[in-house]
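Trainee: First the structure, then my questions, so here it is.
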Amino acid sequence: MSFDRSLKIAPSILAADFANFGAEIQAVEAQGADWIHVDVMDGHFVPNITFGPATCAAIRPHIRTVMDVHLMIAPVDPYIDAFAAAGADFITAHVEAGPHIHRTLQAIRGAGCKAGVALNPGTPAEAVAPLLDMVDMVCVMTVNPGFGGQKFIHACVDKVRTLRSLIGDREIHIEIDGGVDPATAPLVRDAGADVLVAGSAVFRGGSVSDPSPYGANIRAIRAAVTA
Ligand code: DX5
Ligand code: ZN
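In structure tokens:
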């Protein structure tokens with residue numbers, strides 16, 4: 001996978017039909033998704049539970065783009081090998097998930113995956129400054145993690161700008177997660193983000209039997225950014 005800062009839209013399957021992930025993934029990729037964002041929640045680090053490595057392994061054959069696994073779990077380390085074996089391209093762990101994020105990121109790369117570090121809205125950009133030589137992506141949460149469909153927190157936009165300047169020339173993606181839609185996408189793109197996760201704003205109005213709204217929703221985000 002070569003590095004570039006072109007705009008990438010990563011639909012979150014948190015907003016898809018949980019009984020039909022394979023078909024949902026194929027539909028949203030056919031409609032223009034660049035990556036597939038997979039939200040893993042444990043009911044402990046965040047107040048919601050989704051799924052684990054077995055589901056990731058089951059959906060992997062349906063993903064032709066990039067499998068972007070966002071771990072909202074604590075602890076992380078005991079599960080890294082299982083998510084790597086499930087076929088994750090990126091594994092992102094939260095800086096708040098434990099005292100040894102440095103070790104966690106080493107383990108993610110050691111398992112052969114790209115390493116991401118995520119920041120909750122209450123955590124400053126500087127928290128990842130000592131980690132920038134060991135990550136491939138920083139994920140800036142623009143909602144409090146746990147649920148789809150929440151309102152974008154505008155105070156996080158300045159953090160993206162700070163992060164972009166801390167990153168400098170390093171080949172590190174900036175991903176935005178939470179409340180991304182055609183109104184908020186341009187704000188974070190202008191601040192330096194290249195990967196935009198979107199759940200409700202992509203899946204709204206469509207279904208596996210009527211997937212064209214997925215395409216229209218993705219194009220609306222792209223158009224807002226390039227306008
Ligand atoms: C929230 C998840 C997000 C979520 C985004 O905890 O990490 O990926 O699915 O959903 P929307 O786009 O609906 O805010
Ligand atoms: Zn996510």
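Counting from 1, position 52 in the sequence shown corresponds to residue 52 in my numbering; the numbering is continuous, with no gaps.
Don't be surprised by glycine CBs; every beta carbon is placed ideally from N, CA and C.
Which parts of the region 91–178 are runs of the alpha helix (DSSP H), unbroken and 4 residues or longer, counting only runs that do not cross its ends?
Mentor: Fully enclosed alpha helix (DSSP H) runs of 4 or longer: 101–110 and 157–167.
Trainee: At a cut of 8 Å, does the region 196–209 reach the region 10–23 through at least three beta carbon pairs?
Mentor: The region 196–209 vs the region 10–23: in contact.
Trainee: Would the beta-carbon of Leu-14 be found less than 6 Å away from any heavy atom of the ligand ATP?
Mentor: In the structure on display, the ligand ATP does not appear, and the ligands it does have are the ligand DX5 and the ligand ZN.
Trainee: Tell me the DSSP bridge mates of Pro-11?
Mentor: For Pro-11, which the question treats as bridged, DSSP gives the partners Ala-198.
Trainee: Is Val-46 near Gly-146, with beta carbons less than 7 Å apart?
Mentor: Yes, the Cβ-Cβ distance between Val-46 and Gly-146 is below 7 Å.
Trainee: Taking the DSSP output, what are the residues bridged to His-70?
Mentor: Asp-39 and Thr-92, per the DSSP bridge assignment.
Trainee: Return yes when the C-beta of Asp-77 is under 6 Å from any heavy atom of the ligand DX5, and no when it is not.
Mentor: No, the Cβ of Asp-77 stays beyond 6 Å of every heavy atom of the ligand DX5.
Trainee: Consult DSSP for Ile-63 and reduce its assignment to one of helix, strand or coil.
Mentor: Here Ile-63 sits in coil by DSSP.
Trainee: Excluding sequence positions up to five away, which residues of its chain have a Cβ less than 6 Å from the Cβ of Arg-5?
Mentor: So the qualifying residues of the chain are Asp-194.
Trainee: For Glu-175, does the count of other Cβ atoms within 10 angstroms reach 16, so buried, or fall short, so exposed?
Mentor: That one is buried.
Trainee: If I follow the unbroken alpha helix (DSSP H) through Gly-32, where does it start and stop?
Mentor: First-last for Gly-32: undefined, no H or E at that position.
Trainee: Quick one, are the C-beta atoms of Cys-139 and Thr-65 less than 7 Å apart?
Mentor: Going by C-beta atoms, Cys-139 is not nearer than 7 Å to Thr-65.
Trainee: The ligand DX5 and Ala-33: does any heavy atom of the ligand fall closer than 6 Å to the residue's C-beta?
Mentor: Not so, every heavy atom of the ligand DX5 lies at least 6 Å from the Cβ.
Trainee: Determine the direct distance from the alpha carbon of Leu-131 to that of Pro-78, and round the result to whole angstroms.
Mentor: Straight-line Cα distance between these residues: approximately 21 Å.
Trainee: Only counting the same chain, and skipping five residues up and downstream in sequence, which positions put a Cβ closer than 8 Å to that of Val-40?
Mentor: Excluding positions up to five away in sequence, the list reads Thr-50, Phe-51, Gly-52, Cys-56, Val-69, His-70, Leu-71, Met-72, Ile-73 and Phe-83.
Trainee: What is the residue span of the alpha helix (DSSP H) that Gly-215 lies within?
Mentor: Residues 212–226.
Trainee: Quick one, which of Leu-196, Ala-88, Arg-60 and Lys-159 has its alpha-carbon nearest Gln-26's?
Mentor: It is Arg-60 whose Cα lies nearest to the Cα of Gln-26.
Trainee: Return the first residue and the last residue of the alpha helix (DSSP H) that Asp-81 is part of.
Mentor: Where Asp-81 is concerned, the enclosing alpha helix (DSSP H) stretches over 80–85.
Trainee: Apart from the five residues just before and just after Val-197, which ones in its own chain have a Cβ nearer than 7 Å to its Cβ?
Mentor: Excluding sequence neighbours, Val-197 sits near Ala-10, Ser-12, His-37, Glu-175, Ile-176, Asp-177 and Val-180.
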